[in-house]
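Visitor: Dropping a structure here in structure tokens format, bear with me for questions.
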Amino acid sequence: MTPATTTIETMATPGRLDPITTEVIGSALFAITEEMSGALMRTAYSPNIRERGDCSTGLFDAEGRVLAQSQRLPLHMGSLLGSVQAVHRAHPADTLRPGDMFVANDPYHGGGSHLPDVNVVAPIFSHDRLIGYAASTAHHSDVGGIAAGSESADCREIFQEGLRLPPVRLVEAGRVNEDVIAIVALNSRVPGDRGGDLRAQIAANRVAEQRLIELDDRYGSENLRGYLEALLEATEKRIRARYAEIAPGVYEHDEYMDPLPDGTPLRIHVRLEVRDGRLIFDFAGSSPQMPYARNVPLAATAATAFCVVKTLLDPGIATNDGFYRSVEIHAPESTIVNPVEPAPVGARALSCGVLADAIAGVLSLAAPDRIVAGSGPHQLVVLAGLDDRSGSYFVNYETIAGALGATAAYDGLDAVRIYASGAANLPVEALERAFPLRIERYELRDGSGGVGAHSGGRGIRRDYRILSESAQISLTGERHVEPALGVAGGGDGAPGRFLLNPGTEDETELPRIARDLLLRAGDVLRVETPGGAGYGEAGR
């Protein structure tokens, strides 16, 4: 039953819009996305979502435009926006019913940005009229594929990365389609988590449905539509005013990812044109897509660009379509920043760390007051095997924070996710309770930040002791060969490393890209994440 509400009768015509009410509605939309995230994390089964918060939520209007996004992982905006648009295109409003929800994850046919990010999209109706969409993205720790964790840079095509889902009905008129959940669960090494996490996403969307209907009833449908337009226009006007402070012109910058195994360099070239109150990013000249899962789908490229622009130019700007439509992205197909099927994309988040440095570098040329040195991206570790305590299979998917580069005014931040990546490090207590692992060292990595007038942030050192009889590990590292670069005379950040049994006669440096390496009980895996770079010459 719809709760009793009071409808505001004032018509929201352009000449009579109340800017205070516009802001109130904008805050209400953001609060809904935060409530969604809270519901999702509280009800999720897997530690990756429940403890690390590797999830995001958003609200969209009836045309699929972004209205608000929770403050979790900016990179997930690519998946949220792409999946909503995929549902909007494939399922017209007259084919939908109240209570429907869709699940999708495929980067090429479902709007996703890699397969573990599973998206659940809910069309929302008020008085039999489509008024918007709610969407939740959650990183499921395993959706099948050749490697545990469904994310290894060693994959050569997307078919190796796991179960692929175009938009399919997960809930029909309020009734959960148990067959779809069974298919997803059966394809995972940890099936119990998959069903629980999908139901948590359904619950989060139902929270949004209730709240958006309440908002529609309170303000009236016509009024609310007018205020939503005003909200988007106000956001666009604000960010364009910031762009106007930048000298018009063309700026170019290069960054390099770690090379291919044969030594082939991987270049990210970005050309920025500032004109007519717009930022136009062109990635022509970037390296061709590669036969490894380090490619970045266009949705993730755009999400990274949005995040860096917001971070450097206006951190307080609302994350809605008014902001996003002020940024134009051009990326040629078949490049590392816009691959075509069947290119693998699982480890795209680490590549996005270097992509973010490229975008930050070119923005620093356009807006020197916002200059920032290179940063150290997170590192990926997947430990999986049989848990001798329970006799069941376990998958510990973790990304461990790197560090931010220095600016002209401040030292870089230690042990943080950079730009578009935002999940937490898994707390030691939660990890040791859930998995047959023990953390024996967890500290800042002294000396990893580049020196300078302002030093780069320090990365992390984290040691895992294996407690099960055997475990398989998959590793993906970035900035192991090409470090974060200092600016204005600042030092480079220290490269990342993976070590097996450090400080013993058997100490071995492991490759930065590895899949299904076998470890035994008692072995220690050390992860050293790369540091951020420095700014300016030391001593000045």
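For the sequence shown, the numbering used here assigns the number 541 to the last residue and increments by one with no breaks.
By construction, the Cβ of each residue, glycine as well, lies at the ideal position given by its N, Cα and C atoms.
Could you tell me if Ser28 is buried or exposed, where buried requires 16 or more neighbouring beta carbons within 10 angstroms of its beta carbon?
Guide: Exposed is the call here.
Visitor: Among Val144, Asp322 and Pro340, whose alpha-carbon lies nearest the alpha-carbon of Pro292?
Guide: Per the Cα distances, Pro340.
Visitor: What do you reckon, are the CB atoms on Leu76 and Ser47 nearer than 9 Å?
Guide: Taking 9 Å as the Cβ cut-off, Leu76 and Ser47 do not qualify as a contacting pair.
Visitor: Could you check where the beta strand (DSSP E) with Phe284 kicks off and where it finishes?
Guide: It is not in any beta strand (DSSP E) - Phe284 carries neither H nor E in the DSSP assignment.
Visitor: What residues are listed by DSSP as bridge partners for Met544?
Guide: Outside the shown range of the chain (2 to 541) lies residue 544, about which nothing can therefore be said.
Visitor: Would you list the residues sitting across from Thr408 in a DSSP beta bridge?
Guide: Beta-bridge pairing links Thr408 to Val373.
Visitor: Can you tell me whether Cys56 is helix, strand or coil according to DSSP?
Guide: Strand, per DSSP.
Visitor: Using the C-alpha atoms, what's the distance from Leu232 back to Arg176?
Guide: Straight-line Cα distance between these residues: approximately 34 Å.
Visitor: Under the three-state reduction of DSSP, which class applies to His115: helix, strand or coil?
Guide: Here His115 sits in coil by DSSP.
Visitor: How is the alpha helix (DSSP H) around Gln1 delimited, first residue to last?
Guide: The structure shown does not extend to residue 1, since the chain is modelled only from 2 to 541, so the question has no answer here.
Visitor: Would you say the segment 157-167 touches the segment 343-351, given that touching needs at least three Cβ pairs under 8 Å?
Guide: Output reads yes: the segment 343-351 touches the segment 157-167.
Visitor: Smallest Cα separation from Met49: which of Tyr443, Asp255 and Val429?
Guide: Before going on, a small fix: residue 49 reads as Asn here, not Met. Considering only alpha carbons, the answer is Val429.
Visitor: From Ile452 to Arg418, what does the alpha carbon distance come to, in whole angstroms?
Guide: First, the residue type needs correcting, since residue 452 is Val and not Ile in the sequence shown. Going by the C-alpha atoms only, they are around 20 Å apart.
Visitor: According to DSSP, is Met42 helix, strand or coil?
Guide: Helix at Met42.
Visitor: Closest to Ser189 by CA distance: which of Asp155, Ile147 and Ile203 is it?
Guide: The shortest Cα separation from Ser189 among Asp155, Ile147 and Ile203 belongs to Ile147.
Visitor: Quick check on this structure: which residue in Gly54, Met258, Val525 and Ala123 has the alpha carbon closest to the alpha carbon of Gln72?
Guide: Among Gly54, Met258, Val525 and Ala123, the Cα nearest to that of Gln72 belongs to Gly54.
Visitor: Does DSSP put Gly354 in a helix, a strand or coil?
Guide: Of the three classes helix, strand and coil, the one that applies to Gly354 here is helix, per DSSP.
Visitor: Starting from Thr302 and walking both ways along the alpha helix (DSSP H), at which residues does that stretch end?
Guide: Its alpha helix (DSSP H) spans residues Leu299 to Leu314.
Visitor: Given a cut-off of 9 Å on the beta-carbon distance, is the pair Val191 and Tyr394 in contact?
Guide: Yes, these two residues count as a Cβ contact at 9 Å.
Visitor: Provide the residue span of the alpha helix (DSSP H) that contains Arg51, from first to last.
Guide: Segment Pro48 to Arg51, the alpha helix (DSSP H) holding Arg51.
Visitor: Which of helix, strand or coil does DSSP assign to Gly535?
Guide: Gly535 falls in the coil class under three-state DSSP.
Visitor: What are the start and end residues of the alpha helix (DSSP H) that includes Asn224?
Guide: Residues Ser222 to Tyr244.
Visitor: Can you list, in chain order, the residues of its chain with a C-beta nearer than 6 Å to that of Thr11? Leave out the 5 residues immediately preceding and following it.
Guide: In this predicted model, Thr11 has a pLDDT of only 35, less than 50, meaning its place in the structure is not dependable; the value taken from the coordinates is given anyway. Closer than 6 Å at Cβ, skipping near neighbours: no residue.
Visitor: Reducing DSSP to helix, strand and coil, say where Val67 ends up.
Guide: The answer is strand: DSSP assigns Val67 an E or B state.
Visitor: Provide the residue(s) that pair with Gln380 in DSSP beta bridges, ordered along the chain.
Guide: In DSSP, Gln380 forms a bridge with Ile401.
Visitor: Indicate the three-state DSSP secondary structure (helix, strand or coil) for Gly323 in the structure shown.
Guide: Helix at Gly323.
Visitor: Enumerate in chain order the residues of its own chain whose CB-to-CB distance from Glu538 is below 7 Å, with the five nearest sequence positions on each side excluded.
Guide: Contacts found: Gly453, Ala454 and Gly490.
Visitor: For Phe282 versus Val363, is the C-beta distance shorter than 9 Å?
Guide: Contact: yes.
Visitor: Find the nearest neighbour of Pro112 within the set Ala149, Arg130 and Gly65, judged by alpha-carbon distance.
Guide: In the sequence as presented, Pro is not what sits at residue 112; that position holds Gly. That would be Gly65, whose Cα lies nearest to the Cα of Gly112.
Visitor: Would you list the one or two residues that DSSP bridges to Val452?
Guide: The partner list for Val452 (beta bridge, DSSP) is empty, contrary to what the question assumes.
Visitor: So Val275 and Ile247 are supposed to be a Cβ contact under 8 Å. How far apart are they, rounded?
Guide: Correct: roughly 5 Å between the Cβ atoms.
Visitor: Return the chain-ordered list of same chain residues with a C-beta closer than 8 Å to the C-beta of Asn502, the five sequence neighbours on each side being excluded.
Guide: Excluding positions up to five away in sequence, the list reads Glu508, Thr509, Asp524 and Val525.
Visitor: Output needed for Pro333: all residues of its chain with C-beta closer than 6 Å, excluding positions within five of it in sequence on either side, in chain order.
Guide: Contacts found: Ala285.
Visitor: So, helix, strand or coil for Ser475, using DSSP?
Guide: Strand.
Visitor: Express the C-alpha separation of Val104 and Ile182 in angstroms, rounding to a whole number.
Guide: Roughly 10 Å separates the two Cα atoms.
Visitor: Classify Thr7: buried if its beta carbon has 16 or more other beta carbons within 10 angstroms, exposed otherwise.
Guide: Confidence at Thr7 is low in this model, with a pLDDT of 32, below 50, so the placement of that residue should be treated as unreliable; the coordinate-derived value is given next. Its Cβ having fewer than 16 others within 10 Å, Thr7 is exposed.
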